[in-house]
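Residue numbers in the sequence shown follow the numbering used here, run continuously in steps of one, and reach 1377 at the last position.
All C-beta atoms in this analysis are idealised placements derived from N, C-alpha and C, irrespective of residue type, glycine included.
Remember, predicted model here, so these are calculated numbers, not experimental data.
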Amino acid sequence: MSRPLEATSDPVKDVVKISIPRYVLRGQGKDEHYEFEVKITVLDETWAVFRRYSRFREMHRTLRLKYPELASLEFPPKKLFGNRDERVVAERRGLLEKYLKNFFQVMLDSADSPLHTEGTGLRLSKHTICEFSPFFKKGVFDYSSHGTG
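Spelled out as structure tokens, the structure:
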């Protein structure tokens, strides 16, 4: 007996693919820090930005005030010690990636979100996402000598 495969529709997988494939150590001495590569694909557009953990936290804090449904998302906690330890950074990479996937799921499902295009006839695009939050825009946080774009 054979049964047809059930179509499981995950809007994030269908519309937005987001991952954090790697992280890099930047800076020297007191300015040494890790940046996470955020790779985003929307339809046929793919781009990547490098962001520090503090930028993720800043985006979460800012957007949850505007979109209360984001408050239910678990954001990876800040570490007082060991935030440069390789194991801690690797774990944080996984938690931030999970957070971003959940973030897009919530924003795509929320009728109040500009990323919610279902039934509107609009298409989600790189431009839409970058306008929604500068976090996803290349070149926005390039003011440091180490550049994060």
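Asked	Found
Inter-residue spacing [alpha-carbon to alpha-carbon] between S1338 and H1344	6 Å
Same chain, Cβ closer than 6 Å to R1351, five either side skipped, listed in chain order	none
Span of the beta strand (DSSP E) around F1278	1273-1279
Inter-residue spacing [alpha-carbon to alpha-carbon] between K1354 and K1306	29 Å
Contact under 8 Å by Cβ, I1246 with F1360	no
Straight-line gap, Y1251 to Y1295 (C-alpha atoms, nearest Å)	28 Å
CB contact flag (D1336, F1264, <8 Å)	Per the sequence presented here, residue 1336 reads as Leu, with Asp not at that position. In this structure, F1264 does not lie closer than 8 Å to L1336 by Cβ.
Between the CA atoms of F1303 and D1340 - distance to the nearest angstrom	21 Å
Close Cβ partners of V1334 (< 7 Å) along its chain, the five nearest in sequence each way excluded	E1297, L1298, L1301
Continuous beta strand (DSSP E) stretch holding L1253: start and end	1244-1254
N- and C-terminal bounds of the beta strand (DSSP E) containing T1269	1261-1270
Buried or exposed (CB count within 10 angstroms, at least 16 for buried), R1315	exposed
Sequence-distant residues of its chain with Cβ nearer than 8 Å to E1260 (five each side left out)	L1253, R1254, R1312
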